[in-house]
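What follows is one structure encoded as C-alpha cells, with my remarks underneath.
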Amino acid sequence: MNEKREFDENDKRITFVVPMKNAEQTIEACLRSICAQAQTVNNEIKIVIVNDNSQDDSAKRVAQFKSRNKTTDVQLIRNEYTMGRAATRNIGLSRVQTPYVAFVDSDVELPSKWLESCIKKFQDNRIACVSTSVQPDGYLSHFSELFDVQVIPKRPTNNIHGSNMLCKTAIIRELGGFNVNLPDGEDTDLGYRILHKKLKICFIEDLICKHYVRPSIKSLMKRSFSHGRAGTLLFIRYRKLKSQDVAFLVFLAFIFVAVIFGTLLDPGSIIWFLLCGVFMLLTGSAVFTILNFNFRKKKNVLPALIVASLFIFIYLLGRLRGILSVVWRVNKHTKL
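Numbering follows the working numbering, in which position 255 of the sequence shown is assigned residue number 265; successive positions increment by one, without gaps.
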C-alpha cells in the first residue's frame with residue numbers, strides 16, 4: 011500500500027450517522043452543530059439518524075428540526091426494538107453512499123470547525139479515522155457537578171472516540187463496521203482492527219466537542235461494570251496490555267492469595283484477606299485516578315477520589331464478569 015496516494019481535496023462528500031436513544035433534550039443541538047459544518051467546507055452534507063427505539067419525544071424533535079431545515083438531507087430510521095449502539099451505527103452505515111462517514115452521538119455538539127479540521131488529516135492516505143476530545147465525558151461530568159471539582163484526563167484513554175469520529179466509508183465497511191458482540195468498547199475494538207490493517211488513527215486532542223450528559227450514580231456504576239466486562243473481552247481478543255489490564259491482574263492476584271491462604275490457614279481468614287485486598291485495591295484505584303486525571307478545582311477532592319475509586323473497583327468486578335462471559339462463549343462455541 012502506497013502511503014502518499016493522490017488526495018482529492020475537493021471530494022468532501024460526507025454522511026453523518028447519528029445513533030439516537032432517548033435524546034429529546036440534546037438531539038436538536040447536535041443536529042444544528044452538524045449542519046453548521048457544511049459552511050466551513052462549502053459542501054452539502056447528509057444526515058442519517060437511527061432511532062434506537064427511543065421512548066421519549068426524540069423523533070418528534072427530529073421532525074421539528076427537518077421542518078425548519080428543508081434544505082438539509084435528513085433521513086430518520088427507527089429500530090423496531092432496542093439494538094444497542096454498535097448495531098445502530100451499523101444500520102446507519104448501511105445507508106451511506108459517500109466517501110466519508112461521520113459517527114456523532116445524539117448528546118454531542120460539534121465545534122464549528124470540526125469537519126474542516128478532521129478532513130484535512132486525510133491528506134495522509136493511511137489515515138482511516140479521525141477523532142477528537144470530548145468534555146465532559148460520561149464519568150467526569152458527574153464528579154464535577156457532585157463534588158464541585160473539575161476533572162480533566164491527562165491524556166486520551168483511547169485513540170478513538172465513538173461519540174465523534176470521521177472515517178473513510180470503504181475502510182469501515184471492509185472491517186465489518188462495529189462489533190455487535192461486545193457489551194461496550196465497540197469503538198476501541200474498531201480502533202484495534204484499523205491498526206491491525208497497518209492503517210492510522212488520528213486524534214485531535216485540542217479540538218473539543220461538548221457532551222451533554224447528566225448521569226446518575228446508578229448509571230455510572232452500571233456503565234463502569236459494562237466497561238470492565240468489555241475490557242476483558244478486548245484484552246483476550248487483541249492481547250494489548252494497558253494500565254487497567256495490569257490493575258485487573260493485580261485484582262485477580264489478591265483473590266487468588268486470599269483463597270489459597272484462607273484454605274491453608276483458616277477458612278474464616280478468607281474474608282479477612284478479601285477485605286484487605288479490597289482496601290488495597292481502593293487505595294490503588296485512588297492512586298490510578300490521581301496519576302491519570304488533573305483536578306483543576308481543589309474543593310472536595312477527597313470524596314471525589316473515594317467515589318472514583320469505587321467506580322474503578324466496580325470496573326474490576328466487571329472484568330471478572332468478562333471472564334465468565336468468555337468461559338460461557340467457549341462452551342457455546344460463540345465468537346467474541
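Just so it is clear, CB atoms sit at the ideal spot from N, CA and C, and this is done for glycine as well. Just so we're clear, the structure is a prediction, and the values are computed from it rather than from any experiment.
Short of 6 Å from the beta carbon of V144, and not among the five residues preceding or following it, lie these beta carbons of its own chain, in chain order: H171, S173, C219, H221.
By the Cβ criterion, the region 102-109 is not in contact with the region 36-44, since fewer than three pairs of Cβ atoms, one from each stretch, lie closer than 8 Å. Within the model, the alpha-carbon separation for I211 versus I270 is close to 44 Å.
By DSSP's assignment, K210 forms a beta bridge with I137.
The beta carbons of D194 and S236 sit about 4 Å from each other, so the pair counts as a contact at 8 Å.
Taking every protein chain shown into account, the CB of Q254 has 16 or more other CB atoms within 10 angstroms, so this residue is buried. Of the candidates K22, Q49, I324, the residue whose Cα lies closest to the Cα of S229 is I324.
For the region 182-261, the continuous beta strand (DSSP E) assignments of 3+ residues that do not extend past its boundaries occur at 210-221, in sequence order. The alpha-carbon separation between A257 and R329 amounts to approximately 10 Å. Around the Cβ of A180, a 10 Å sphere holds fewer than 16 other Cβ atoms; the residue is exposed. Where I170 is concerned, there is no enclosing alpha helix (DSSP H), because DSSP gives it neither an H nor an E. In the three-state scheme derived from DSSP, where H, G and I count as helix and E and B as strand, N52 is classed as coil. For A33, the secondary structure class from DSSP, reduced to helix, strand or coil, is coil. The C-beta separation of L176 from I129 comes to about 7 Å, placing the pair in contact by the 8 Å criterion.
Taking a C-beta distance under 7 Å as the contact criterion, L209 and R136 qualify as a contact pair. L125 and I59 have their alpha carbons spaced roughly 18 Å apart. Taking 8 Å as the upper bound for CB-CB distance, M30 and N61 are in contact here, some 5 Å apart. Under the DSSP assignment, V111 falls in the beta strand (DSSP E) whose first and last residues are 110-114. Residue pairing by DSSP places T142 opposite I214 in a beta bridge.
The three-state reading of DSSP puts E90 in coil, since its state is none of H, G, I, E or B. Assigned with DSSP and collapsed to three states, N61 falls in strand. A distance below 6 Å between beta-carbons, with the five flanking residues on each side excluded, links D115 to the following residues of its chain, in chain order: S173. Non-local beta-carbon contacts of N53 in its own chain, meaning distances under 6 Å to residues more than five positions away in sequence, involve K22 in chain order. Taken atom to atom, the span from the alpha-carbon of R88 to that of S68 is near 11 Å.
Each of F245, F188, L327 was checked against the Cα of R233, and the nearest Cα belongs to L327. Take A138, set aside five residues on each side of it, and the residues of its chain with a beta-carbon closer than 6 Å to its own are K178, I181, I204, L209, in chain order. DSSP lists K220 as the beta-bridge partner residues of E119. DSSP places Q47 within a helical segment (H, G or I) once states are collapsed to three. Residues of the same chain with a CB within less than 6 Å of the CB of G187, apart from the 5 flanking positions on each side, are N100, L103 in chain order. Going by C-alpha positions, W338 is about 46 Å away from Q47. Less than 7 Å separates the beta-carbon of S43 from that of E119. Leaving aside the five residues that flank A73 on each side, the residues in its chain whose CB is nearer than 8 Å to its CB run, in chain order, L86.
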